[in-house]
Amino acid sequence: MPKLYDLSNDQLLGTISQEDLDLLIAQLEETSSKDRDYYVNNDTFLMLVDAGASSTLLDAVKAALALSAEADIRWEAD
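Quick note, the sequence shown lines up with residues 568 to 645 if you use this note's numbering.
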């Protein structure tokens with residue numbers, strides 16, 4: 568199962584499903600096919616809500632945004 572991390576401190580934000588990862592990749596901009604990190608903010612969170620993201624994915628993004636209104640996150644395959 569893919570895992571999401573806070574890029575700034577490498578803290579694990581949560582384990583998500585492959586479907587969650589597919590949604591994240593589809594909704595967020597990648598700079599290359601090997602890109603595994605994303606900038607997120609409150610607008611990103613709302614976009615994911617509108618796209619039907621699971622509560623697991625939303626909780627992980629919320630955790631990244633807990634201390635600031637924006638964050639960089641990365642995913643890693645298990």
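Beta carbons: idealized from backbone N, C-alpha and C, even for Gly.
Exercise for the section: Output the boundary residues of the beta strand (DSSP E) element that contains residue 601. Expected result: For residue 601, there is no enclosing beta strand (DSSP E), since its DSSP letter is neither H nor E.
Handout entry: Beta-carbon proximity list for residue 573, same chain, < 7 Å, skipping 5 on both sides
Key = Once the five neighbours on either side are set aside, the close Cβ partners of residue 573 are 580, 631, 638 and 640.
Handout entry: Straight-line Cα distance separating residue 594 from residue 612
Key = Those two C-alpha atoms are separated by around 11 Å.
Handout entry: Inter-residue spacing [alpha-carbon to alpha-carbon] between residue 578 and residue 618
Key = Each residue's CA atom was taken as its position, placing residue 578 and residue 618 some 25 Å apart.
Handout entry: Helix, strand or coil at residue 636 [DSSP, three-state]
Key = When secondary structure is reduced to three states using DSSP, residue 636 falls in the coil class, being assigned neither helix nor strand.
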